[in-house]
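Number of protein chains: 2
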Amino acid sequence: MSKNEYSIRDLADEFDVTTRTLRFYEEKGLLKPVRDKNSRTYSSADRTRLRLILRGKRLGLTLDESHAIIMMYDSQAHNTEQLRTLIAKVREKRQQLIEQQKDLELMLIDLRDSEERFLAALTESEAKLK
Amino acid sequence: MSKNEYSIRDLADEFDVTTRTLRFYEEKGLLKPVRDKNSRTYSSADRTRLRLILRGKRLGLTLDESHAIIMMYDSQAHNTEQLRTLIAKVREKRQQLIEQQKDLELMLIDLRDSEERFLAALTESEAKLK
DNA sequence: GCACAAGTTTACGTTGACGTAAACGTAATT
DNA sequence: AATTACGTTTACGTCAACGTAAACTTGTGC
Numbered sequence: 044m045s046k047n048e049y050s051i052r053d054l055a056d057e058f059d060v061t062t063r064t065l066r067f068y069e070e071k072g073l074l075k076p077v078r079d080k081n082s083r084t085y086s087s088a089d090r091t092r093l094r095l096i097l098r099g100k101r102l103g104l105t106l107d108e109s110h111a112i113i114m115m116y117d118s119q120a121h122n123t124e125q126l127r128t129l130i131a132k133v134r135e136k137r138q139q140l141i142e143q144q145k146d147l148e149l150m151l152i153d154l155r156d157s158e159e160r161f162l163a164a165l166t167e168s169e170a171k172l173k
Numbered sequence: 044m045s046k047n048e049y050s051i052r053d054l055a056d057e058f059d060v061t062t063r064t065l066r067f068y069e070e071k072g073l074l075k076p077v078r079d080k081n082s083r084t085y086s087s088a089d090r091t092r093l094r095l096i097l098r099g100k101r102l103g104l105t106l107d108e109s110h111a112i113i114m115m116y117d118s119q120a121h122n123t124e125q126l127r128t129l130i131a132k133v134r135e136k137r138q139q140l141i142e143q144q145k146d147l148e149l150m151l152i153d154l155r156d157s158e159e160r161f162l163a164a165l166t167e168s169e170a171k172l173k
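Protein sequence lines, in the order shown, are assigned to chains P and Y. Whatever position you read off the first sequence (first residue = 1), add 43 for our numbering. Whatever position you read off the second sequence (first residue = 1), add 43 for our numbering.
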């Protein structure tokens, strides 16, 4: 069974963030470590949330956006109405990411093209050196 | 032949940004419109750069990062040494984007999974209503 | 028992990416 | 000639996401 309690340093080291960042995320309501008056103890749920937050950041999401996604995951929707709006939100977010995926594809194509051009220019340039 | 001169309002409207934003990008060296003392005239090259910048933003790139990419594209590398370092930069950026692509895939999987769960909960919930 | 390493809170500072307001020029319309 | 619409510069304001410094508490080794 994998460990399910972490100190602030454990997480800071594992995810290469500062302790300040972890406290900041807590202040923002993104993490909820248990407080023993002089230290924080993070659960594996906190660890998972942190992983999601940082992944979100790498994709350019704001903390608020990641927060919204996490709350969707953690949601305990009971009635059908709540479930419907929740599903709608999930679909909207997915659609946004799919759009982003297209942008990413385009930028990768551009980069592939330019790499090719520079490679061609390079062989050309080397040829001149006989 | 498509138009190749644009006013600040043309571009602002087309890309749904404010004129302030366009002036800010100019100040940062990202756009270089011709100045006729009382107005800016943007070329189609400026328009292309703006498109790249905004695409970069949607992917979470900073203006500096987009700037770097644009300079790579516009680069007039002559000797083999310049070409080599340029190719290296392009490859590095590509690799970063490929990593981002993986993150995006993971987040999409998570969202698909949660959508499925909520859909299951919804049919469950509806069943109870007989 | 005392240094010291690692934790804590409080609070001001910083950077990026613009927003916003003031104060003004220019060109077209009325 | 005056209003209106759009442009300009200068400069301070703002918000997110932390950085950083100060001042303090709490186990831990020697």
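Cβ atoms here follow ideal geometry from the backbone N, Cα and C, with glycine treated the same way. Since we're looking at a predicted model, the values are computed, not measured.
So, for residue i: in the same chain, excluding its five sequence neighbours on each side, which residues have a beta-carbon less than 6 angstroms away from its beta-carbon?
i, result
"Y68(P)", "L74"
"V77(Y)", "T84"
"E48(P)", "T84"
"G99(Y)", "S109"
"T62(Y)", "I51 and A55"
"S87(Y)", "N47"
Less than 8 angstroms between C-beta atoms, sequence neighbours within five positions excluded: which residues of the same chain meet that for residue i?
i, result
"M115(P)", "L129, K132, V133 and K136"
"S82(Y)", "S50 and I51"
"F58(Y)", "L93, R94 and L97"
"A120(Y)", "L126 and L129"
"D113(P)", "For the sequence presented, residue 113(P) should be read as Ile rather than Asp. Closer than 8 angstroms at Cβ, skipping near neighbours: L73, R92, L95 and I96."
"S13(Y)", "The first residue shown for chain Y is 44 and the last is 173, placing residue 13(Y) beyond what the model contains."
So residue i and residue j are in contact, right, with Cβ under 8 angstroms, and what is the actual spacing, rounded?
i, j, result
"L95(Y)", "S109(Y)", "6 angstroms"
"L147(P)", "D146(Y)", "The pair is not a contact, with the Cβ atoms about 10 angstroms apart (cut-off 8 angstroms)."
"L175(Y)", "L172(P)", "With chain Y running from 44 to 173 in the structure shown, residue 175(Y) is simply not present."
"L165(P)", "T123(Y)", "6 angstroms"
"L106(P)", "K71(P)", "6 angstroms"
In chain order, what residues of the same chain have a beta carbon less than 7 angstroms from the beta carbon of residue i, not counting five sequence neighbours either side?
i, result
"D89(Y)", "L74, K75 and P76"
"Q65(P)", "The question names Gln, but residue 65(P) in the sequence shown is Leu. Cβ within range, chain order: I51, L54, A55 and L74."
Cβ of residue i versus every heavy atom of the ligand COA: is any distance shorter than 7 angstroms?
i, result
"L93(P)", "This structure lacks the ligand COA; in fact it carries no ligand of any kind."
Point to revise | 4-residue-minimum alpha helix (DSSP H) runs that sit fully inside the stretch 78-155 of chain Y, ordered along the chain | key: 87-101 and 106-117
Review point. Which residues, in order along the stretch 120-139 of chain P, keep a beta-carbon less than 8 angstroms from a beta-carbon of chain Y?
Key: A120, H121, N122, T123, L126, R127, L129, I130, V133, R134, K136 and R137
**Study point:** Residues in the stretch 153-164 of chain P having any Cβ partner in chain Y nearer than 8 angstroms
**Key:** D153, L154, R155, S157, E158, F161, L162 and A164
Point to revise | Selection of the stretch 98-121 of chain P by Cβ proximity to chain Y, strictly under 9 angstroms | key: R98, G99, K100, R101, L102, G103, L104, I112, M115, Y116, S118, A120 and H121
Check your understanding: What residues from the stretch 71-89 of chain Y come within 9 angstroms of chain P, judged by C-beta to C-beta, listed N to C?
Key -> none
Exercise for review: Could you run through the stretch 44-68 of chain P and flag, in chain order, every residue whose CB is less than 9 angstroms away from some CB of chain Y?
Suggested key: none
Review point. If you measure beta-carbon to beta-carbon, which residues of the stretch 141-153 of chain Y are closer than 9 angstroms to chain P?
Key: Shown in chain order are the members of the stretch 141-153 of chain Y whose Cβ falls below 9 angstroms from a Cβ of chain P: I141, E142, Q143, Q144, D146, L147, E148, L149, M150, L151 and D153.
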